[in-house]
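Here the structure is laid out as structure tokens; the discussion comes afterwards.
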Ligand code: NAI
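Residue numbers (my numbering): 1286 to 1634.
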């Protein structure tokens, strides 16, 4: 199948080409960068760029590509009704439009839960022990410890909101640190409960936690789940880490709480308006996003640009599953059931 690959970085290109070759080169991967320069990304998929997929059987898209109704309509009009998502989350996809227009869509539901869980821990440890600030100090030969005081995580209560594939790995790591672990999740795991994880409703969990980690999908229930009301339930001195999706947090409410010194530290790998910022080198541009600019001013906020997934193992798994999904869609009319989009009919007539 001829595949139009959007938002591809050089590492995507390398791993997809490699996975396609290992599978016997069933697909023609057309990387839409046109520039072929290391470090540059091909165009994001948007209503304006979707026409580039004309004469392709499928598009291959990533987390910040726009898969709203308008884009899907342009794709369908161009005769392209297959999509291989190189990510687990699909909050950027209009499910109703995809269903109405008869799209066949595969995703990569679990490429490496370890990658994301370990990055969550990285943010937590850094923000607690101020490792990023200590590194900057030592480089300037400032060896003073004032301002770097942290807390033992051992014995603290940590809540994992969304204890699915990623949240379960995270819960196990936190148990290993000697934390009491609470999970907030409508679907409970016997395995986690047997390991000592306690399931509680959101409000109760928040009042009891020193650490709150967000590893849930973005959906109608989780949109702005962390807001002024729920932040008020968290004790002062809470650590909040978000490796889920930016819009799980109401950023304006977060900034208000940070100004009020409510949080001990906040680690963010995702941001509500990240589409306009992340995955590009913008170091020579003027930052236009005033909300993001304010977040950067807090010394107890550590931000990474959606890199929690970014390990060798995860990239290889993403590429391999993406090629498998494209092959299954081409030969059987649908991706393997495990990689289908929940809520979207697996096959279309
Ligand atoms: P998963 O589907 O295995 O687990 C999600 C869990 O969240 C499920 O157990 C589900 O029941 C639970 N959940 C759903 N609605 C909830 C709610 N209202 N409150 C609490 N829990 C709820 O998904 P997985 O693989 O663990 O990924 C979770 C999310 O992590 C993805 O949807 C994606 O948004 C994000 N992610 C972020 C990455 C990054 O690089 N920062 C990379 C991969 C995923």
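Each residue gets a CB set at the ideal place from its N, CA and C atoms; glycine is no exception.
Once the 5 residues before and after residue i are set aside, which same chain residues still bring their CB inside 7 angstroms of it?
i	result
residue 1286	1312, 1342, 1343, 1611, 1615
residue 1317	1289, 1290, 1291, 1327, 1328, 1337
residue 1402	1451, 1454, 1455, 1458
residue 1582	none
Excluding five sequence neighbours on each side, which residues of the same chain lie with their C-beta closer than 6 angstroms to the C-beta of residue i?
i	result
residue 1362	none
residue 1353	1379
residue 1382	1354, 1357
residue 1360	1335, 1338
residue 1301	1314, 1604
residue 1322	Bear in mind that the predicted position of residue 1322 carries a pLDDT of just 42, short of 50, making it too unreliable to give a figure here.
residue 1398	1450, 1451, 1454
residue 1484	1468, 1473
residue 1386	1357, 1361
residue 1304	1604, 1605, 1608
According to DSSP, simplified to helix, strand and coil, what is residue i?
i	result
residue 1552	strand
residue 1294	coil
residue 1384	helix
residue 1610	helix
residue 1564	coil
residue 1576	helix
residue 1392	coil
residue 1249	This structure cannot settle anything about residue 1249, because the visible part of the chain is limited to 1286 through 1634.
residue 1634	A caution first: residue 1634 carries a pLDDT of 47, below 50, which makes its placement in the model too unreliable to give a value.
residue 1523	strand
residue 1444	strand
residue 1366	coil
residue 1313	strand
residue 1625	strand
residue 1593	coil
residue 1529	coil
residue 1308	coil
residue 1534	strand
residue 1499	strand
residue 1248	The chain is shown only over 1286 to 1634; residue 1248 falls outside these bounds and no answer can be derived.
residue 1543	helix
residue 1378	strand
residue 1439	coil
What does DSSP give as the partner residues of residue i in its beta bridges?
i	result
residue 1484	1468
residue 1586	1551
residue 1458	Answer by DSSP bridge pairing: none, since residue 1458 is not bridged.
residue 1287	1313
Go through its chain and collect everything with a Cβ distance to residue i's Cβ below 8 angstroms, but skip five positions before and after it.
i	result
residue 1413	1435, 1436, 1438, 1524, 1549, 1550
residue 1364	1339, 1340
residue 1535	1509, 1511, 1512, 1513
residue 1400	1593, 1594, 1595, 1596, 1598, 1599
residue 1447	1469, 1470, 1499, 1500, 1501, 1502, 1507, 1529
Run the proximity test for residue i: is its beta-carbon closer than 7 angstroms to any non-hydrogen atom belonging to ligand 2?
i	result
residue 1610	Ligand 2 is absent from the structure shown, which contains only ligand 1.
ask   = Is the region 1581-1590 touching the region 1372-1392 in the sense that three or more CB pairs, one from each, lie closer than 8 angstroms?
value = The region 1372-1392 vs the region 1581-1590: no contact.
ask   = So does the region 1386-1395 actually touch the region 1622-1629, counting three or more Cβ pairs closer than 8 angstroms?
value = yes
ask   = Considering only residues of the region 1322-1362, which uninterrupted beta strand (DSSP E) runs meet the minimum length of 3 residues and lie entirely inside it, listed in chain order?
value = 1343-1346
key: Touching by the beta-carbon criterion (3+ pairs, under 8 angstroms), the region 1402-1412 and the region 1545-1563   = yes
query = How do the region 1426-1435 and the region 1486-1506 stand: do at least 3 beta-carbon pairs fall below 8 angstroms, yes or no?
reply = When C-beta atoms of the region 1426-1435 are compared with those of the region 1486-1506, fewer than three pairs fall below 8 angstroms, so the two segments do not count as touching.
inquiry  = Does the region 1413-1426 come into contact with the region 1469-1480, if we say contact requires no fewer than three beta-carbon pairs (one atom in each stretch) closer than 8 angstroms?
reply    = no
query = Between the region 1505-1513 and the region 1531-1541, are three or more C-beta pairs nearer than 8 angstroms?
reply = A contact exists between the region 1505-1513 and the region 1531-1541.
query = Is the region 1518-1534 close to the region 1494-1506, with three or more CB pairs under 8 angstroms?
reply = yes
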